[in-house]
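Chains as they are written, first to last, in UniProt numbering: chain H, 1 to 150; chain L, 1 to 142.
Idealized CB from N, CA, C, for every residue including glycine.
Just so you know, these numbers come straight off a predicted model, no measurement behind them.
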């Protein structure tokens, strides 16, 4: 089913702040097998000029994708989430995410397309800290595959 | 931000040290927990096959996280990465055995930009298939 084109440009309210925990960053770094001390050792992070440990570049996706849930699950949009695959992902950083950040995400639908029966949804998530400073923007392309029998 | 590689030391074509990252079912379970992505296609073979996949596949975001390690290890400071984008072209299929799959990542400097920035193009393959496309990072060097 084609998605409702009128959703293009729609922006959802900012999410309640997500507090970035030092141990959550450590857990993520260990899960990807990355021993870079900037992720786990405050002194090593400070030696690089950061006020505290920083998160690996893709860590923030867990936050922006959860925020995108309010778009994906919007019943008016009509996306069949059971058939969704991740098409593209991009990040642009003003600064790295770091322990102690309280991050809020504002999601906007950038594009809604239908190609060969596939529904394609582009969502932009703007991530700001509690002072309102921009931290990172995440662009996520989701593709809802056409049913096989169609 | 304190990159250990100097802008003046790199040329277009400079290769970053390539890496191979192993991924097993255990890796995926651990990544699911750390990332909060519990989609069963990443741990339940029966479910994966039912939705038309050959077997359990790795999280695309796991592959994306591994690939950029080639750049962050090279640059020293992960904050040197100012932009990073990929296209998920093929899944990384992870069989239920002791060896799992391998993700092979290579990268090279594709362009020197202004302000100490370079563009690095990455390639990631698994079982001979290109698993990431349009995989690019913009990196701020010293």
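Query	Result
Assigned secondary structure, residue 72 of chain L (DSSP; H/G/I helix, E/B strand, else coil)	helix
Which residues DSSP lists as bridging residue 134 of chain H, in chain order	H:128
DSSP three-state assignment for residue 150 of chain H, whether helix, strand or coil	Residue placement at residue 150 of chain H is poorly supported in this model, since its pLDDT is 42, which falls under 50; the coordinates still yield a value, given next. If DSSP states are grouped into helix, strand and coil, residue 150 of chain H belongs with coil.
Buried versus exposed, by CB contacts within 10 Å (16 or more), residue 38 of chain L	exposed
Any alpha helix (DSSP H) of 4 or more consecutive residues that is wholly inside the UniProt domain "FAS1-like dehydratase" (6 to 137) of chain H	22 to 31, 42 to 47, 61 to 72
Nearest-angstrom Cβ-Cβ length linking residue 35 of chain L and residue 62 of chain H, presumed shorter than 8 angstroms	5 angstroms
Spatial neighbours of residue 138 of chain H in its chain, beta-carbon cut-off 6 angstroms, leaving aside the 5 residues before and after	64, 91, 125
Residues that DSSP places opposite residue 6 of chain L in a beta bridge	Its beta-bridge partners do not exist; DSSP assigns none.
Collapsed DSSP secondary structure at residue 125 of chain L in the structure displayed	strand
Contact set for residue 113 of chain H: own chain, Cβ-Cβ below 7 angstroms, skip 5 residues either direction	120
At least 3 beta-carbon pairs within less than 8 angstroms: the region 78 to 92 of chain H vs the region 26 to 40 of chain H	no
Cutoff 8 angstroms: residue 12 of chain L Cβ touching any chain H Cβ	no
Same chain, Cβ closer than 7 angstroms to residue 40 of chain H, five either side skipped, listed in chain order	26, 29, 53
Own chain partners of residue 70 of chain H with C-beta closer than 7 angstroms, once the 5 adjacent residues on each side are dropped	12, 107
Three-state secondary structure (DSSP) of residue 22 of chain L	strand
Start and end residues, alpha helix (DSSP H) containing residue 48 of chain L	45 to 50
Any chain H beta carbon closer than 8 angstroms to residue 34 of chain L	yes
CA-to-CA distance, residue 70 of chain L to residue 133 of chain H, given in whole angstroms	29 angstroms
Proximal residues to residue 15 of chain L (C-beta, below 6 angstroms), its chain only, five neighbours per side dropped	108
Residue 88 of chain L - partner residues in DSSP beta bridges	L:132
Bridge partners - residue 140 of chain L, DSSP secondary structure assignment	L:117
Alpha carbon of residue 150 of chain H to alpha carbon of residue 116 of chain H, nearest angstrom	Because residue 150 of chain H sits at a pLDDT of 42, beneath the cut-off of 50, its placement in the model cannot be relied upon, and the following sentence gives the value as read from the coordinates. Roughly 10 angstroms separates the two Cα atoms.
Residue 4 of chain H in three-state terms, based on DSSP	coil
Close beta carbons around residue 8 of chain H, own chain, < 7 angstroms, minus the five adjacent residues each side	109, 111, 112
Selected residue, minimal CA-CA separation from residue 20 of chain H, among H:2, H:4, H:104	H:104
Neighbour-count burial assignment, residue 135 of chain L, 16 or more Cβ in a 10 Å radius	buried
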